[in-house]
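Working notes for the structure below.
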Amino acid sequence: MDTHLSADDLKFRDDVRLFFTKASPERAQQLLKNPSTFKQGTLDWQKQLYEQGWVAPFWPTQYGGAGWSVTQSYIYERERVAANAPDVLPFGLKMVGPVIYTYGNEEQKQRFLPGILTGETWWCQGYSEAGSGSDLASLKTSASKDGDDYLVNGTKIWTTHAQHADWIFCLVRTDQSGKPQNGISFLLIDMKTPGITVSPIHSINGVHSLNEVHFDNVRVPQANRIGEEGKGWTYAKSLLAHERTAIARVADSMRRLEKLRQLASRETQGRSVMIDDPVFHARFTNIEVELMALEYMELRVLAAVANNQNPGAESSLMKIKGSEIQQSLHELTIELAGVYGAMETTESATAADIGHDFGNQARQDFMYGRAATIYGGSNEIQKNIIAKHILGL
Amino acid sequence: MNFSLTEEQQMLQDSAARFIGQNYSFERRQKDTSLAQGFDPELWRQIAELGWLSVPFSQQNGGFDGDATDLMVLMEQFGKGLVALPYLPTILLFGRLLDLAGINTSYSKLLGQVIEGNIQGSLAFMERQARYQLSDVKTEAVRSEQSFVITGEKALVLNGPNCDKLIVSARTSGGQYDEEGISLFLVDANASGLSRTDYRLMDGQTVANFYFDQVKVPTEQLIGQEGKGLMLLKRVIDQALLGTCAEALGLMHRLTDTTIEYSKVRKQFGVTIGSFQALQHRMVDMFTACEQTRSLLFRAVCSAASMETNEHQKNLHALKVLTGRNGKAVGNEAIQLHGGMGLTDELDVGHGVKRLMVINSLFGDADFHQQKMVIRSLEA
Numbered sequence: 357m358d359t360h361l362s363a364d365d366l367k368f369r370d371d372v373r374l375f376f377t378k379a380s381p382e383r384a385q386q387l388l389k390n391p392s393t394f395k396q397g398t399l400d401w402q403k404q405l406y407e408q409g410w411v412a413p414f415w416p417t418q419y420g421g422a423g424w425s426v427t428q429s430y431i432y433e434r435e436r437v438a439a440n441a442p443d444v445l446p447f448g449l450k451m452v453g454p455v456i457y458t459y460g461n462e463e464q465k466q467r468f469l470p471g472i473l474t475g476e477t478w479w480c481q482g483y484s485e486a487g488s489g490s491d492l493a494s495l496k497t498s499a500s501k502d503g504d505d506y507l508v509n510g511t512k513i514w515t516t517h518a519q520h521a522d523w524i525f526c527l528v529r530t531d532q533s534g535k536p537q538n539g540i541s542f543l544l545i546d547m548k549t550p551g552i553t554v555s556p557i558h559s560i561n562g563v564h565s566l567n568e569v570h571f572d573n574v575r576v577p578q579a580n581r582i583g584e585e586g587k588g589w590t591y592a593k594s595l596l597a598h599e600r601t602a603i604a605r606v607a608d609s610m611r612r613l614e615k616l617r618q619l620a621s622r623e624t625q626g627r628s629v630m631i632d633d634p635v636f637h638a639r640f641t642n643i644e645v646e647l648m649a650l651e652y653m654e655l656r657v658l659a660a661v662a663n664n665q666n667p668g669a670e671s672s673l674m675k676i677k678g679s680e681i682q683q684s685l686h687e688l689t690i691e692l693a694g695v696y697g698a699m700e701t702t703e704s705a706t707a708a709d710i711g712h713d714f715g716n717q718a719r720q721d722f723m724y725g726r727a728a729t730i731y732g733g734s735n736e737i738q739k740n741i742i743a744k745h746i747l748g749l
Numbered sequence: 089m090n091f092s093l094t095e096e097q098q099m100l101q102d103s104a105a106r107f108i109g110q111n112y113s114f115e116r117r118q119k120d121t122s123l124a125q126g127f128d129p130e131l132w133r134q135i136a137e138l139g140w141l142s143v144p145f146s147q148q149n150g151g152f153d154g155d156a157t158d159l160m161v162l163m164e165q166f167g168k169g170l171v172a173l174p175y176l177p178t179i180l181l182f183g184r185l186l187d188l189a190g191i192n193t194s195y196s197k198l199l200g201q202v203i204e205g206n207i208q209g210s211l212a213f214m215e216r217q218a219r220y221q222l223s224d225v226k227t228e229a230v231r232s233e234q235s236f237v238i239t240g241e242k243a244l245v246l247n248g249p250n251c252d253k254l255i256v257s258a259r260t261s262g263g264q265y266d267e268e269g270i271s272l273f274l275v276d277a278n279a280s281g282l283s284r285t286d287y288r289l290m291d292g293q294t295v296a297n298f299y300f301d302q303v304k305v306p307t308e309q310l311i312g313q314e315g316k317g318l319m320l321l322k323r324v325i326d327q328a329l330l331g332t333c334a335e336a337l338g339l340m341h342r343l344t345d346t347t348i349e350y351s352k353v354r355k356q357f358g359v360t361i362g363s364f365q366a367l368q369h370r371m372v373d374m375f376t377a378c379e380q381t382r383s384l385l386f387r388a389v390c391s392a393a394s395m396e397t398n399e400h401q402k403n404l405h406a407l408k409v410l411t412g413r414n415g416k417a418v419g420n421e422a423i424q425l426h427g428g429m430g431l432t433d434e435l436d437v438g439h440g441v442k443r444l445m446v447i448n449s450l451f452g453d454a455d456f457h458q459q460k461m462v463i464r465s466l467e468a
């Protein structure tokens, strides 16, 4: 048993490292932080990756992907996080793209995949509804046939970045009879279609990234349906295991832990600094131990995938532990900031005026981070999956 | 042994619950915290009329002479109602410090104005570098003939943007970390040489950093003895800590009740989520956390009459540890069990959680007080 990288992999790692030093990820991160430059920052960064040929590393080469091995993708992700470079937005590249090249027809592939790669088309995801969170299959947004079209009616909720989006991929109900899972279809909808309105949801971190998307008799060509009618649930579900592994965010947590170590070494408490505080020691090392285990859990899943085994329900374990660790890190960081962890900076009261440089960010991260145990299938649902599919209960 | 309220205390509790229930909806809180001050001055005037501003003050200074139980009763209702008012900074910190400083005509007069609701006050005791150490004071006060000249910065001053007067801790002798040599001064908010930066904390309350550039304060505005300010400061903060823990308990109850109610109406998989045993146990844990915190709160209230004793000090540390830990647990679970809704600004849950987090950070968080426990238990 070992985790040694081959000579080729080491060469690949050096190439990735070099790319990130040249790509000035700090500038991109600055743009992403400000809501007014967020969209431009996202598109600029994606363009850089696209020109390098790395925007869709796991897509098959025939569709414009890099066709990397699992190990290469893993190395890339590590280096990306170490360089503090932004991730690409998942909705086009990681979610709808793979559905289109796996289940879409030729016309759909040619029409949609190029725009996803270049970033020209901004996608958002329309799955959840107010009454359908953990119980996603109970969704009610309906699509009824009308000539060559569907008429779509209903409301999607928690739609990230819908305010920027050109297109939305939706799960809609095309059949009311039978098992709820069997009446769901996968539709691609142009956000400019008459009858669509987007209303903002303000989150407890004070940021607007989530929305409700309302559909009022929205006319969608049947040609925009992916695959067969009534099979949408299967198509969407095939991607969920990947999503769960990705939202474990192992590399990101490792970077946050390192950052926390640095912050604690300069946060004073009387004559001493917090890095010398025994209670802090205990909490920090508890997180570190958990994270060390998660790192190897991820490697085990990757090894299984590399050997063409399905990660399956094990990805639920990663989602649970990964999100718990993220939240412990957020919690320890905000508490390290003391009362400053509760502050809100403004243009007239900057961090420098007030006297603390990470409290404001720690607060935002903590509040938004509460979502990590809810989205992508809540941790309670993940435990149900493990109980049913691994333990056989 | 008796843990029930007196008739008078029961009346205070009932009238507070009634008034807040009738006048203070969550929508009202949203509206009030969006005002520049972070609260509604009209509501402040109303609770002054109800006599609530006089509760913790001594009779000689025109107060109600309330004890720890009275304070607990009132603060718990503020928590339950998620009430945004500067009761902590103006009454429990600023006002109580004046009250404790003695029975003196000028302080009594000022306190009278506080009780009438005409004065807003602040206690400027924190500094950038100090974290939770009250004795870490760099701000200096230098005696010059009939006055002191104050220079330095005080951070995170609660109610700072609204205060008419503030009390500031400054060093008159000794080194940065020394317990001796800290003095307290009463300063006008519009004193020459005093400027500030205003901002908010996540619960919507307004705070400020104050910059003292050679602010001249007459010697008669020295509160208590020169160089002995820390003791006074500690006494005030000990009492305020108990009050905020009672508020936290009110918040925890509110969050727990709200979550239980939600679980009875939210349906997934064709049934209410409250029917799932896994979630029932989680709500039992939330309820247990509330009751456990209440037990330690009662314990600290029972020893509050002998403030300086080892026993009371240990009780306070234990209370702050458990309030912080249980408050976090209840808050996190309340959001989790509300799912995505718990993350929206339009629901009261997130606001309750944020207020609990602010309380956890004030006067030392759970970890800080756990360390203080070591001195009172393992090293005792």
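As they're listed, the protein sequences go chains A and B.
Sequential numbering from 357 applies to the first sequence in this note's numbering.
Sequential numbering from 89 applies to the second sequence in this note's numbering.
Each residue gets a CB set at the ideal place from its N, CA and C atoms; glycine is no exception.
None of these values were measured; they are calculated from a predicted model.
For His570/A, the residue or residues it bridges with in DSSP:
Thr511/A and Thr553/A
Where the alpha helix (DSSP H) through Thr239/B begins and ends:
Where Thr239/B is concerned, there is no enclosing alpha helix (DSSP H), although the beta strand (DSSP E) it sits in stretches over Ser235 to Leu246.
Three-state secondary structure (DSSP) at Met461/B?
helix
Would Asn567/A be called buried (16 or more neighbouring beta carbons within 10 Å of its own) or exposed?
buried
Please return the same chain residues whose Cβ sits closer than 6 Å to the Cβ of Ser679/A, not counting the five positions on each side in sequence.
Ala728 and Thr729
Between the stretch 274 to 303 of chain B and chain A, which residues of the former have CB atoms less than 8 Å from a CB of the latter, in chain order?
Thr285, Asp286, Tyr287, Arg288, Leu289, Met290, Asp291, Val295 and Asn297
Can you tell me whether Tyr220/B is helix, strand or coil according to DSSP?
coil
DSSP three-state label for Trp523/A, please.
strand
If we define contact as Cβ-Cβ less than 8 Å, is Leu244/B a contact residue for chain A?
yes
Three-way DSSP call (helix, strand, coil) for Val359/B in this model:
strand
Looking at chain B, is there any beta carbon in it that lies within less than 8 Å of the beta carbon of Val554/A?
no
Across which residues does DSSP place Lys501/A in a beta bridge pair?
Beta-bridge annotation (DSSP): Lys501/A is paired with Tyr506/A.
Answer yes or no: does any C-beta atom of chain B fall closer than 8 Å to that of Asp709/A?
yes
Can you have a look at Ile524/A and say buried or exposed, based on whether 16 or more other CB atoms are within 10 angstroms of its CB?
With 16 or more other Cβ atoms within 10 Å, it is buried.
Between the stretch 408 to 428 of chain B and chain A, which residues of the former have CB atoms less than 8 Å from a CB of the latter, in chain order?
The residues in question are Lys416, Asn420, Ile423, Gln424, Gly427 and Gly428.
Rounded to a whole number of angstroms, what is the C-alpha to C-alpha distance between Ile582/A and Asn663/A?
29 Å
For a contact meaning CB atoms closer than 7 Å, what does Phe357/B contact in chain A?
Asp491
Look at Gly200/B and Gly150/B and say whether their C-beta atoms are less than 8 Å apart.
yes
Of all the beta strand (DSSP E) runs that stay within the bounds of the stretch 150 to 231 of chain B, which reach a length of 3 or more residues?
209 to 212
Through-space distance from Gln302/B to Gly315/B, alpha-carbon basis
Spanning the two alpha carbons is a distance of roughly 19 Å.
What's the call for Val574/A, buried or exposed, on a 16-neighbour Cβ count within 10 Å?
In this structure Val574/A is buried. Its beta-carbon is surrounded by 16 or more other beta-carbon atoms within 10 angstroms.
Can you look up Trp479/A in the DSSP assignment and give me helix, strand or coil?
Reduced to three states, the DSSP call for Trp479/A is strand.
Provide the residue span of the alpha helix (DSSP H) that contains Asp709/A, from first to last.
Under the DSSP assignment, Asp709/A falls in the alpha helix (DSSP H) whose first and last residues are Ala707 to Ile710.
For Asn664/A, does the three-state DSSP call read helix, strand or coil?
coil
Ser223/B versus Ser283/B, Ser271/B and Met395/B, residue with shortest Cα-Cα distance
Ser271/B
Would you give the residue range spanned by the beta strand (DSSP E) that Tyr287/B belongs to?
Leu282 to Leu289
So, do the stretch 400 to 419 of chain A and the stretch 635 to 654 of chain A have three or more beta carbon pairs nearer to each other than 8 Å?
No, the stretch 400 to 419 of chain A is not in contact with the stretch 635 to 654 of chain A.
Three-state secondary structure (DSSP) of Tyr299/B:
Residue state for Tyr299/B is assigned as strand, using DSSP reduced to three classes.
For Gly312/B, the nearest candidate out of Val437/B, Phe236/B, Leu185/B and Thr411/B (CA to CA)
Leu185/B
Nearest to Gly205/B (by Cα), restricted to the options Ala422/B, Thr178/B, Gly240/B and Val230/B:
Thr178/B
Pick out the complete alpha helix (DSSP H) segments inside the stretch 342 to 425 of chain B, 4 residues or longer, and give them in chain order.
365 to 391
Tell whether a beta-carbon distance below 8 Å holds between Asn509/A and Asp608/A.
no
Mind listing which residues of the stretch 114 to 136 of chain B have their C-beta closer than 9 Å to chain A's C-betas, in chain order?
none
Cross-chain neighbours of Val635/A in chain B, by beta carbon under 7 Å:
For the C-beta of Val635/A, the chain B residues within less than 7 Å are, from N- to C-terminus, Asp455, Gln458 and Gln459.
Where Arg383/A sits in the DSSP three-state scheme
helix
Please list the terminal residues of the continuous alpha helix (DSSP H) segment that includes Asp276/B.
Looking at the DSSP string, Asp276/B is not in any alpha helix (DSSP H); the run it does join, the beta strand (DSSP E), is Ile270 to Asp276.
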